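Student:
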Amino acid sequence: MIDDATQRPGGRTARVRAAVLTATLQELAQRGYAGMSVESVAQRAGVHKTTVYRRWATKPNLLMDAIATLAETKISVPDTGDLAEDLRSFARTIATTITGHDGGAVVRGLFSGATESSEVRDFLHGFWAGRFAQVRPMVERAIGRGELPTDTDADEVIKHVGAPLYYRLLVTAEAVTSEAAELAADSAVAAARAGVFRRRRPSSGD
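Residue numbers for the sequence shown follow UniProt numbering, beginning at 1 and rising by one.
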């Protein structure tokens with residue numbers, strides 16, 4: 001039976017859900033995926049664990065719903081009329097996000113979750129697909145302006161902006177600075193203009 005709180009937007013159910021999902025990201029940041037649990041999330045959110053289990057039966061379910069709330073936030077996509085400037089701005093936004101409050105810890109926990117859970121891994125494929133769809137127009141506009149070859153793979157350009165920054169965060173533990181962000185953007189633009197990211201035609205074989 002659905003009570004009034006469930007039906008009413010902003011009712012108790014909505015408040016509990018928001019508290020639990022916020023607690024999930026906080027636990028992920030502080031404990032990592034392996035260290036967090038449904039019980040620890042419930043305690044941080046100030047609700048009984050059975051309340052959490054009723055809606056989220058497993059830890060992957062809980063994490064996926066929490067990350068899905070982030071996906072609802074639209075990315076600000078620069079449109080200056082110049083690809084280099086657009087990608088520098090985009091790269092700086094990535095750097096700010098992953099070095100902001102708990103940002104790096106959440107990213108590390110999320111990637112850890114993807115290695116441990118096929119559910120989380122499959123979910124992340126969809127999450128990133130949605131993100132690429134939001135930012136792809138930056139590169140597509142540049143193709144339309146004649147800045148890049150017409151057969152440029154826009155997603156590959158975007159990947160090569162973000163990849164060096166995530167590498168610093170997750171592999172070498174270097175600072176993800178605005179200078180590093182701009183270098184990543186400039187490198188991706190130079191490669192794209194040189195035709196590195198043109199779509200490859202399947203080889204005809206021998």
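Yeah, the Cβ is synthetic: ideal placement off N, Cα and C, and Gly gets one too.
Source: prediction; values computed, not measured.
Any idea if V171 is buried or exposed, counting beta-carbon neighbours within 10 angstroms, 16 or more meaning buried?
Tutor: By the 10 Å Cβ count, V171 comes out exposed.
Student: Please return the same chain residues whose Cβ sits closer than 6 Å to the Cβ of A154, not counting the five positions on each side in sequence.
Tutor: Cβ neighbours of A154 beyond the five flanking positions: R136, V139, E140.
Student: Could you say which of T97, V189, S76 lies nearest to A142 if we only look at CA atoms?
Tutor: A142 has its Cα closest to that of V189, out of T97, V189, S76.
Student: Alpha carbon to alpha carbon, what distance is there between D65 and L21?
Tutor: Taking the straight line from one Cα to the other gives about 7 Å.
Student: Suppose you measure from the CA of A184 to the CA of G144; what does that come to, to the nearest Å?
Tutor: A184 and G144: Cα-Cα distance of roughly 23 Å.
Student: Please list, in chain order, all residues of the same chain as V107 whose beta carbon is under 8 Å from its beta carbon, the five residues on each side excluded.
Tutor: Excluding positions up to five away in sequence, the list reads I98, Y166, L169, L170.
Student: Can you confirm whether the stretch 115-131 touches the stretch 50-70 when touching is taken to mean that 3 or more C-beta pairs between the two stretches lie within less than 8 Å?
Tutor: A contact exists between the stretch 50-70 and the stretch 115-131.
Student: How would you call G11, buried or exposed, if buried means at least 16 neighbouring beta carbons within 10 angstroms?
Tutor: G11 is exposed by the Cβ-count criterion.
Student: In terms of residue numbering, what span does the alpha helix (DSSP H) encompassing P164 cover?
Tutor: Here the alpha helix (DSSP H) through P164 covers 154-167.
Student: For residue 220, count neighbouring C-beta atoms within 10 Å of its own C-beta (all shown protein chains included) and say buried if the count is 16 or more, exposed if not.
Tutor: Because the chain spans 1 through 206 in this model, residue 220 falls outside it and cannot be assessed.
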